[in-house]
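Number of protein chains: 2
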Amino acid sequence: MRESELLEHIYRRSEGLAGASPDLVVGPGDDCAVLRQPGGGLLLLTVDQLLGGVHYKPGTPVDSIARKAVARSVSDIAAMGGTPRWALATALLPGNYPHADELFDRMAHWATRWGCPLIGGDIGSGPGELHLTVTIGGEAHPDRGPVLRSGVKPGDLLCVSGPLGGAFESGHHLDFEPRVELGRRLCDTLESDLHAMIDLSDGLGRDGARVARASGVRLVIDAEKIPRRDGVDSWRNAAGDGEDYELLVAIAPGRNLPEGLIEIGEAAEGSPGCEIIDSGEKIDAGEMGWDH
Amino acid sequence: MRESELLEHIYRRSEGLAGASPDLVVGPGDDCAVLRQPGGGLLLLTVDQLLGGVHYKPGTPVDSIARKAVARSVSDIAAMGGTPRWALATALLPGNYPHADELFDRMAHWATRWGCPLIGGDIGSGPGELHLTVTIGGEAHPDRGPVLRSGVKPGDLLCVSGPLGGAFESGHHLDFEPRVELGRRLCDTLESDLHAMIDLSDGLGRDGARVARASGVRLVIDAEKIPRRDGVDSWRNAAGDGEDYELLVAIAPGRNLPEGLIEIGEAAEGSPGCEIIDSGEKIDAGEMGWDH
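If you read the sequences in order, they're chains H and U. So in my numbering the end of the first sequence lands on 304, straight run, no missing numbers. So in my numbering the end of the second sequence lands on 304, straight run, no missing numbers.
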């Protein structure tokens, strides 16, 4: 079973969760889960894992591994327009792993750098590759609330926050800056005209299709407008390589394009999906990207 | 480096955390981290990992694996006298793992059963054994607050919540009931006379020594009083096997023994450590147990 099929199973099973947890605002299937807090405000929760040999190559510096493990989860909070507040980490260390001290020091450094100090965790050891998980709790924007995947409306402007593609080869997947400040600024300035966001981890095509399905709309993207990282020759790589951690943003029509965003298309009525128009040809981009 | 040495490094590094995170009440080194919530009340946070071949044997039923993954983290909340509220899970699945649906269904079942519905997570696949993590958030007892490891005072009565030893062989490590209700009841009835708690995962000797160091006292335990699981011949196994998930509790002297607890010794002044008295001989039990 592929990850995407398993996720569908989990989302279906989770449909009864609202009854079990009256404080639940958003369950499985978005960038973060969202819970009503007892004293007011909304708690954002996310967890991601990082596996040696899958998410980074052998020989990657310990600091880069630590940074990416934290940054992936911070990026999920950014994708909701939220602010990271605390982090927990687990590590499964290979036998006689010599860099454990440094690894934890650097995870703590990066967590503090992004506003979510590392306040707890669990360590174990086992065979196989280094395997990290980072859980982050954050706060939703106090006025706009959490920005979900499901809010796109036909006619919305679609934008991304930076060039796409080639993230693994270029090293961008190790040194990207999670878009926390941008996400928060978009909430501040666009308020309810900020309709939806997602962070692009599995590629514009695949993640775009997720947004489209959640919102019940069709994303129509102009291949020529997709910004490409230096050295990325084709829009197909830009849309499919993954690990960009840029934001895909949907904004109500008629707003000026906010600083830091690049327009790539618009949302339309039609069967939910993500299509990319290349010289007049419509290409279904929903299967482009990384199923990991 | 052993896990215990690495943990000491992490705790030392974490001493500056309070400055970085003004809402932090308890950082790394106790059963849970404790955070002040914006609207009042205290949030308990814990994460544990479960690795195939280490925490369970090949051939263990999927339901038992799912149950243990959730129960270990629930037990950390119980050890603070708290109430579990929500859970996140990650799974690293071996290639072509055939039981992913069932695994997630059963994790969701057990999480709901213990009051902390599974509201999010992350799935990946990789080489090696099945590897799960479960993060749980809970609420501290509203009146007593979180019960820490550091509150033992000389003269305190020391108790455990059930028989110890042989947890792996007997299957107890898979079907134990986390002591959430007991922990909460002790908070209700003993209030500030409930001085300290920990859940025994690494063995009475090793976990007792952790409590002793955190509290700056000596735990003096009577070998004959240590309750043993059926089939456990020696107090050394009861104190050292680990995976009991019973509570070790310190209570102010002069209180009646609460229902559900068994007295095993008392706390004394002296160099911090855990000693077990066997026929008049003092044995340092701090190294008994499981360093995993």
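Where is the CB? At the ideal position from N, CA and C, for every residue including glycine.
Against chain U, the CB of H:Ile238 has no partner CB under 7 Å away; the residue lies outside that interface. Comparing alpha carbon positions, the residue from H:Ala120, H:Gly107, H:Asp88, H:Asp187 closest to H:Leu100 is H:Ala120. The three-state reading of DSSP puts H:Ser173 in coil, since its state is none of H, G, I, E or B.
Within the same chain, Cβ atoms closer than 8 Å to the Cβ of H:Gly282 are found at Val229, Arg230, the five residues on either side in sequence being excluded. Distance from the Cα of H:Ser291 is smallest, within the candidate group H:Ala235, H:Glu278, H:Ala90, for H:Ala235. Membership of U:Ser76 in the alpha helix (DSSP H) is indicated by the continuous run 74-90.
Under the Cβ distance rule, U:His185 does not count among the residues neighbouring chain H, no pair being separated by less than 7 Å. Here H:Tyr68 carries a strand assignment [DSSP, helix/strand/coil].
If only complete runs of 3 or more residues are kept, the region 115-149 of chain U shows the beta strand (DSSP E) at 130-138, in order along the chain.
For U:Ala226, the CB contacts under 6 Å within the same chain, skipping 5 residues up- and downstream, are Arg161, Ser162 in chain order. DSSP, read as helix, strand or coil, puts H:Asp290 in strand. Per the coordinates, the alpha-carbon of H:Ile148 lies some 39 Å from the alpha-carbon of U:Glu287.
With a 10 Å radius around the Cβ and a threshold of 16 neighbouring Cβ atoms, U:Glu141 comes out buried. Residue-level contact check: H:Ile288 does not touch chain U, since none of the beta carbons of chain U fall below 7 Å from its beta carbon. Residues of the same chain with a CB within less than 7 Å of the CB of U:Ala45, apart from the 5 flanking positions on each side, are Val38, Gly39, Leu57 in chain order. Inter-residue distance for U:Glu189 and U:Phe116 is about 20 Å (C-alpha atoms, whole angstroms). Put simply, the CB of U:Leu36 is near chain H, with a gap under 7 Å to one of its CB atoms. Considering only beta carbons, the part of the region 79-113 of chain U lying closer than 7 Å to chain H consists of Trp98, Leu100, Thr102, Leu104, Ala112, Asp113, in chain order.
Between H:Cys199 and H:Val261, the CB-CB gap reaches or exceeds 7 Å. Under a 10 Å Cβ-count criterion, U:Leu144 is classified as buried, with 16 or more other Cβ atoms of the shown protein chains found around its own Cβ. Taking 7 Å as the CB threshold, H:Ala179 stays off the interface with chain U.
Annotation for H:Arg222: the continuous alpha helix (DSSP H) segment containing it runs 216-227.
The three-state secondary structure of H:Leu29, taken from DSSP, is helix. Counting along the chain, H:Glu275 sits inside the beta strand (DSSP E) bounded by residues 274-280. Counting along the chain, U:Asp211 sits inside the beta strand (DSSP E) bounded by residues 206-211. Counting C-beta pairs closer than 8 Å gives fewer than three between the region 47-55 of chain H and the region 72-79 of chain H, which falls short of the contact rule. Closest in alpha carbon position to U:Lys165, among U:Ser204, U:Ser33, U:Gly183, is U:Ser204. Interface annotation for the region 117-130 of chain U against chain H: Asp117, Ala120, Thr124, Pro129, criterion Cβ-Cβ distance under 7 Å. DSSP places U:Arg156 outside both helix and strand once states are collapsed to three, so it counts as coil. Here U:Ile238 carries a coil assignment [DSSP, helix/strand/coil]. Along the region 138-161 of chain U, the positions whose C-beta sits under 8 Å from a C-beta of chain H are Gly138, Pro139, Gly140, Glu141, His143, Thr145, Thr147, Gly149, Glu151, read in chain order. U:Arg161 sits in coil when the DSSP states are folded into three classes, being neither helix nor strand. For U:Arg196, the enclosing alpha helix (DSSP H) covers residues 192-202.
The residues Tyr23, in chain order, have a CB closer than 6 Å to that of U:Gly41 in the same chain once the five nearest residues on each side in sequence are set aside. In this structure, the beta-carbon distance from U:Met300 to U:Gly215 falls below 7 Å.
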